[in-house]
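Whatever position you read off the sequence shown (first residue = 1), add 908 for my numbering. Note that the Cβ used here is the ideal one computed from N, Cα and C, for glycine as well. In this text the structure is predicted, and so the values were computed from the model without any measurement.
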Amino acid sequence: MKYIAVTVLTFITAAVSTGSWAYSSRVNHGQTTYPIWSELSYFERDVLYKRDKALANDPDALLAFYILASGRHSIGDYETVNRRVHAFVEKIRPELERYLDVWQRGELLNRRMHEAFFLKPGISKAPAGYSEDQSRLMGIFETGEFNCISSSLLFIVLAYQLGFEAQGIVLPSHAFVNLILNNERSVEVETTSVSGYDRTHDRNYYERAAANWFSARGLQPSTYEDYLNRQFVSPMALGAINMLNQHTFDDQMSAADRGRLAEIGAYILPNNKALQYRRMGFYKDEIRQMTSAKGWPDLVRFFDTVLDTARADTQRFPNELGLNDASLWMHEIAAMAFAHEKQAERTKDLMQLVHTWPKPEELVARSQWALLHTSSTLLQHYVASDEFIEGLLFLLFSQDLLETSHDWPKTVSWFYSAWSEHRAKNEDWGGAIDVIDEFLSQEYRDLSLFRAYENLGIAYYNWLISYSNAKDWDGARSVLQECKGKYPETDVCKRAESVLIKADQKETNPKNSKEV
């Protein structure tokens, strides 16, 4: 019997979009042992290395940290300022030692600081050199101008150089210093005034100061109640707070510098809510830029560097919905990034974390979409590399997280469609049928996307063609019998059956056949 050649039919499959992309590398970011993504200079790395010394109130380490908080990156700036500070200390030390009363020594320090570092008296109502927005310690050494925070930082450095202990005092719109004397008595120093030493802060003072002292400095007046609720902060914490002051505002500092200070400040002072918000704002912008450029390798390095620390720090503020939302969003994007880089275990860990994350109802849909996108991304990688068993295992994992998603059946259908198509291209018709059979047993599927029954008919038809080519009619009849046994109530087997019918016709009417 001569075989009548028949064209093999092609599977009907679901399409999935792919694309090429390029990204702007951030190769020099995240290159330290600290959970900081920003690119850091040698000076900034050295300051962070000396963090423990600064926390122990070493004056040189504090000075370096305050210069960093000014937004300066060069060790040369620090060395220049440090020389001036040490020259001042050596000059004033003999004069201080002539006073036995430590209170007098503190008062003299404040006066000499004003004389040595600040602009000389002028005609303004505000103190000489006072500038409302000059919040950088470095700015004092550049122009002689200062405000409450920058002058407080300088006073603290000088105090520790000369054997005093000091703290910062923070009000909503103001900062000054608590100087701790040897006999454990402390005095409060308004460092913006040459006569601000041991200033009495009572109700009368704040009622008078609202009209004079604060207004002359362009400040929102503080109240006596603000004073009663004042915060005592460590010298290091005051420097971290300085990273939120005027010189870090949008119109005075670049986004990159703002981001770097936000990261460093939040790392140094993790309990400061404002620093955490600013850091998360920087991360949000950075993630969006890398995501837009499809810079997945850099995004993976970014999340490896900062994600765990950011999550731990934002969890310090469980009632801050903004921080919780930002942290959840970071983890959603992190899962996508690891999926793009085909890091399956990390992807699964993050997907599970996002799924179980406590979230308000309005964020549930966004998280579901993110998880669906992540799952689809990793499945595409598995399909592209013909790793269908690994893909199936990941599909089963994802199903537990996405079974309530409206679009999950489309993902299931696409994966099984791609899998059966792969086997069909290799003319593994029995394998293709097995995949479709398994798909039809799934609870979550979209038949309109897959066209499963039509593809089954094509697979059985092509399988019988292959048996016909081999003249294995018993094998062909066995396949047809299997088809009819599985799908007796459908037209799945009709096209396949036609192969045997035509073969039988040629067998019984050989004169009507032509060799091909």
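The region 1156 to 1170 and the region 1101 to 1113 do not touch, with fewer than three beta-carbon pairs separated by less than 8 Å.
Within the region 1031 to 1114, the complete alpha helix (DSSP H) segments of 4 residues or longer fall at 1045 to 1051 and 1056 to 1069, listed in chain order.
Below 8 Å, too few C-beta pairs join the region 1334 to 1346 and the region 1306 to 1314 to call them touching: fewer than three. Contact check for Tyr1369 against Val1407 passes: the beta carbons are separated by less than 8 Å.
By the beta-carbon neighbour count (other beta carbons within 10 angstroms, threshold 16), Phe1063 is buried. Excluding residues up to 5 positions away in sequence, Leu1152 lie with their Cβ nearer than 6 Å to the Cβ of Ala1182 in the same chain. Contact annotation: Leu1287 and Phe1302 have beta-carbon atoms nearer than 8 Å.
By the Cβ-count criterion, Leu1229 is exposed, with fewer than 16 other Cβ atoms from all chains shown falling within 10 Å of its own Cβ.
DSSP places Gln1139 in the uninterrupted beta strand (DSSP E) bounded by Gln1139 to Val1141. The continuous alpha helix (DSSP H) containing Tyr1369 extends over residues Ala1360 to Asn1377. Distance check between Tyr1135 and each of Leu1079, Asn1112 and Ser1374 places Leu1079 closest, using alpha-carbon atoms only. With distances taken between CA atoms, Leu1169 lies nearest to Arg953 out of Val1387, Arg953 and Asn936. By the neighbour-count definition (other C-beta atoms within 10 Å, threshold 16), Leu1355 is an exposed residue. By the C-beta density criterion, Arg1209 is buried, having at least 16 other C-beta atoms within 10 angstroms. Closest in alpha carbon position to Val1320, among Ser1283, Asp1294 and Val1010, is Ser1283.
Distance check between Thr1100 and each of Ser1059, Tyr1375, Ala972 and Glu1253 places Ser1059 closest, using alpha-carbon atoms only.
DSSP, reduced to helix, strand and coil, places Thr1131 outside both helices and strands of the structure shown, so it counts as coil. Trp945 is not a Cβ neighbour of Glu1298, given a cutoff of 8 Å.
Straight-line spacing of the CA atoms in Gln1251 and Trp1327 works out to 21 Å. Under the three-state reduction of DSSP, Cys1401 is assigned to coil, being neither helix nor strand. For Arg1274, the three-state secondary structure derived from DSSP is helix. Scanning its chain for C-beta atoms nearer than 6 Å, with the 5 sequence neighbours on each side dropped, one finds around Ala1174 the residues Leu1183, Gln1184 and Arg1187, in chain order. A direct Cα-Cα distance of roughly 7 Å separates Asp1206 from Met1198. Look at Pro1205 here: in three-state DSSP terms it is helix.
In this structure Ile1149 touches Asn1180 by the C-beta definition: roughly 7 Å separates them, less than 8 Å. Residue environment analysis places Pro1317 among the buried positions, since at least 16 neighbouring C-beta atoms fall within 10 angstroms of its C-beta. In this structure, Phe1323 is the residue among Phe1323, Leu1258 and Trp1277 with its C-alpha nearest to the C-alpha of Ala1292.
Contact between Phe1296 and His1330 holds, with the beta-carbon distance rounding to 7 Å and staying under 8 Å. In this structure, the straight-line span from the alpha carbon of Val997 to that of Asn965 is close to 17 Å. With contacts defined as CB atoms closer than 8 Å, Glu1240 and Ala1273 fail to qualify as a contacting pair. Ranked by Cα distance from Ser1313, the first of Ser1325, Ser1349 and Ser1275 is Ser1275. With a contact defined as Cβ atoms closer than 8 Å, Thr1285 and Ala1234 miss out at about 22 Å. Taking 8 Å as the upper bound for CB-CB distance, Phe973 and Met1144 are in contact here, some 7 Å apart. DSSP, reduced to helix, strand and coil, places Arg1385 within a helical segment of the structure shown. Leu1300 and Met1259 have their C-alpha atoms some 17 Å from each other.
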